[in-house]
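Enquirer: Each residue of the sequence shown is one higher than the one before, starting from 1 at the first, in full-length UniProt numbering. Even glycine gets a Cβ: it sits at the ideal position worked out from N, Cα and C. Next up is a structure, given as structure tokens.
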Amino acid sequence: MAGSSTELLTTVIIYGSIFVILLSLYCIVRNRFPRAFNPRNSVPALQCELSTRQFGALTWMLGVCHASDQDLFEQCGLDAIVFIRILQIGLKMSVMGCLNAIYVIPVYYYAPQTNDNKNVTDNLDKCSIANMNKNDPGMYATFVASYFIFGYTLFLLFEEFQWYISNRHRFLSRVSAQNYTVFVGGIPCELQSNIALHDFFYELFDDIIDVKIALDVKALEKLVKKRDEVIPKFEHANNVLAATGKRPTHKTKLIGGEKVDSVDTFREELAKLNLEVSIAIVQLEQRYARHQAALAAG
1 MAGSSTELLT TVIIYGSIFV ILLSLYCIVR NRFPRAFNPR NSVPALQCEL STRQFGALTW
61 MLGVCHASDQ DLFEQCGLDA IVFIRILQIG LKMSVMGCLN AIYVIPVYYY APQTNDNKNV
121 TDNLDKCSIA NMNKNDPGMY ATFVASYFIF GYTLFLLFEE FQWYISNRHR FLSRVSAQNY
181 TVFVGGIPCE LQSNIALHDF FYELFDDIID VKIALDVKAL EKLVKKRDEV IPKFEHANNV
241 LAATGKRPTH KTKLIGGEKV DSVDTFREEL AKLNLEVSIA IVQLEQRYAR HQAALAAG
């Protein structure tokens, strides 16, 4: 039967190899596909100082370490920095565990050999509590190590709660629409207009800034989604034409479809979808205007 050392070595080889392969693949492709791995830098309205930083295949690791909590808080939001700080807590606890291992492992490994541990022969098992005897004084090392790790964890949580409370208040006090916006459901029919709903809430709270009725427009959303799927295909076909001078083609169906010119086909499809989206928006606005007028008249 394979011992714990062999099992650990096998696990490290398998998962370590997967980790190295995926990390190497990420280092190679991250700069080749910036829209996928740095989307905020691809959208001018979402750009920030952190997203515009450029790094090489490996130097991004140093760049991540040099990003301050303040920068992450201001440019990425409270959720992002809280998630990263939780990961940092896990890292700090792991370091404490490694420090405990400096004195705990020798105590386990050099425990006296008796009937209690005579079957423990694997070197890795000898480095664990499995090698300890009943009533062995060396168990005090485990006791001390547990208090170190528990105490340090409580200290980290205490510090994190203090940080979170102060920064949450600071985040919510910023002049941002998301901090002062409330979503309300179950609105009665007679209040389903911007003016009526504004007047209703203004009577309750006189500091209402704006009110908007959110509309369920699944048909329009479906058209917009189809258009968003065609746009990158059309852009890709144009890029291929510009780079090679040859007009790209594709089949209309996966099996047995007609072979068509990609540029012309996607251009026509995009124009058709743009027209359908525009018509759907006009129809929606007209229905909403009639609804508003009916509410005002009633």
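(1) Please classify Thr10: does DSSP put it in a helix, a strand, or coil?
(2) Can you confirm whether the segment 165-178 touches the segment 97-109 when touching is taken to mean that 3 or more C-beta pairs between the two stretches lie within less than 8 Å?
(3) Pick from Cys27, Ser128, Asn239 and Asn38: whose alpha carbon is nearest that of Cys76?
(4) Taking Arg247 and Val263 to be in contact with their CB atoms under 8 Å, please state how far apart those CB atoms are, rounded to whole angstroms.
(5) By the three-class DSSP mapping on this structure, what secondary structure does Thr142 have?
(6) Which one or two residues does DSSP pair with Lys259 in a beta bridge?
(7) Quick check on DSSP: helix, strand or coil for Ile209?
(8) Report yes if the CB atom of Ile81 is closer than 8 Å to the CB atom of Phe73, and no otherwise.
(9) Roughly how many whole angstroms lie between the Cα atoms of Ala145 and Gly138?
(10) Got a sec? Which residues, its chain only, sit under 7 Å from Thr27 by beta carbon, not counting five neighbours each side?
(11) What ranges does the alpha helix (DSSP H) occupy inside the segment 121-191, keeping only unbroken runs of at least 4 residues that lie completely in it?
(12) Ends of the alpha helix (DSSP H) at Val95?
(13) If you follow the alpha helix (DSSP H) that Leu241 is in, where does it begin and where does it stop?
(14) Judging by CA-CA distance, which residue of Val224, Cys65 and Ala141 is the nearest neighbour of Ile102?
(15) Could you have a look at Asn194 and say whether DSSP puts it in helix, strand or coil?
(16) Which term fits Ala243, buried or exposed, when burial requires 16 or more other beta carbons within 10 angstroms of its beta carbon?
(17) Please tell me whether Thr249 has its Cβ less than 8 Å away from any Cβ of chain C.
(18) Leaving out the 5 sequence neighbours to the left and right, which residues in its chain are closer than 7 Å to Phe234 when beta-carbon positions are compared?
(19) How close, in whole Å, do the beta carbons of Asn117 and Asn135 come, if the pair is a contact with beta carbons under 8 Å?
(20) What does the Cβ neighbour count give for Leu273, buried or exposed, with the cut at 16 atoms within 10 Å?
(21) Given a cut-off of 8 Å on the beta-carbon distance, is the pair Asn133 and Thr153 in contact?
(22) Rounded to the nearest angstrom, what separates Gly257 and Lys222 at their Cα positions?
(23) May I ask which residues mark the beginning and end of the alpha helix (DSSP H) holding Cys65?
(24) Among residues of its own chain, excluding the 5 on either side of Gly3, which ones have a beta-carbon nearer than 6 Å to its beta-carbon?
(25) Would Gly97 pass as a contact of Ile149 if the rule is Cβ separation under 8 Å?
(26) Sorted by chain position, which residues of the same chain lie with C-beta nearer than 7 Å to Gln47's C-beta, five sequence neighbours on each side aside?
(27) For Phe55, which residues from the same chain have a beta carbon less than 7 Å from its beta carbon, with the 5 sequence-adjacent residues on both sides left out?
(28) Do Asp79 and Leu50 come within 8 Å of each other at the CB atom, strictly closer than that value?
Expert: This is what the structure gives:
(1) Looking up residue 10 in the sequence shown gives position 10. Reduced to three states, the DSSP call for Thr10 is helix.
(2) no
(3) Residue mapping note: residue 76 aligns to position 76 of the sequence shown, counting from 1. Considering only alpha carbons, the answer is Asn38.
(4) If you number the sequence shown from 1, residue 247 lands on position 247. If you number the sequence shown from 1, residue 263 lands on position 263. With a Cβ gap of about 6 Å, Arg247 and Val263 count as contacting.
(5) If you number the sequence shown from 1, residue 142 lands on position 142. Here Thr142 sits in helix by DSSP.
(6) Indexing the sequence shown from 1 puts residue 259 at position 259. Answer is Lys251, bridged to Lys259.
(7) The residue given as residue 209 occupies position 209 in the sequence shown. Ile209 falls in the coil class under three-state DSSP.
(8) Translated into the one-based positions of the sequence shown, residue 81 becomes position 81. Translated into the one-based positions of the sequence shown, residue 73 becomes position 73. Contact: yes.
(9) Residue 145 sits at position 145 when you count from the first residue of the sequence shown. Residue 138 sits at position 138 when you count from the first residue of the sequence shown. C-alpha separation (whole angstroms): 11 Å.
(10) Locating residue 27 in the sequence shown gives position 27, counting from the first residue. Per the sequence presented here, residue 27 reads as Cys, with Thr not at that position. So the list reads Ala57 and Leu58, once near-sequence residues are dropped.
(11) 123-126 and 139-172
(12) Sequence index remark: in the sequence shown, residue 95 carries index 95 (1-based). Residues Leu78 to Tyr109.
(13) Counting from one through the sequence shown, the residue named residue 241 turns up at place 241. Leu241 -> alpha helix (DSSP H) spans Lys218 to Thr244.
(14) Numbered from its first residue, the sequence shown carries residue 102 at position 102. Considering only alpha carbons, the answer is Ala141.
(15) Counting from one through the sequence shown, the residue named residue 194 turns up at place 194. Reduced to three states, the DSSP call for Asn194 is helix.
(16) Numbered from 1 along the sequence shown, position 243 holds the residue referred to as residue 243. Looking at its Cβ environment, which holds fewer than 16 other Cβ atoms inside 10 Å, Ala243 is exposed.
(17) Absent here is chain C; the protein component of the structure consists of one chain.
(18) The sequence position of residue 234 within the sequence shown is 234, counting from 1. Cβ neighbours of Phe234 beyond the five flanking positions: Phe266, Arg267 and Leu270.
(19) As a first step, residue 117 must be located in the sequence shown, where it is residue number 117. As a first step, residue 135 must be located in the sequence shown, where it is residue number 135. Not a contact, Cβ separation roughly 13 Å.
(20) Reading the sequence shown from its first residue, position 273 is the one you call residue 273. Buried is the call here.
(21) Taking the first residue of the sequence shown as position 1, residue 133 is located at position 133. Taking the first residue of the sequence shown as position 1, residue 153 is located at position 153. It is not a contact, given that the beta carbons lie outside the stated cut-off.
(22) Walking along the sequence shown from the start, residue 257 turns up at place 257. Walking along the sequence shown from the start, residue 222 turns up at place 222. Cα to Cα, the separation comes out at about 25 Å.
(23) The residue you call residue 65 lines up with position 65 of the sequence shown. Residues Trp60 to His66.
(24) As a working note, residue 3 is residue 3 in the sequence shown. Closer than 6 Å at the Cβ level, and outside the excluded window around Gly3, lie Asp122.
(25) The residue you call residue 97 lines up with position 97 of the sequence shown. The residue you call residue 149 lines up with position 149 of the sequence shown. Yes; because the gap between Cβ atoms is below 8 Å, this pair is in contact.
(26) Position 47 of the sequence shown, counted from the start, is the residue given in the question as residue 47. Hits under 7 Å: Arg40 and Asn41.
(27) By one-based count along the sequence shown, residue 55 stands at place 55. Excluding positions up to five away in sequence, the list reads Gly63.
(28) Looking up residue 50 in the sequence shown gives position 50. Looking up residue 79 in the sequence shown gives position 79. No, Cβ-Cβ distance for Leu50 and Asp79 is not below 8 Å.
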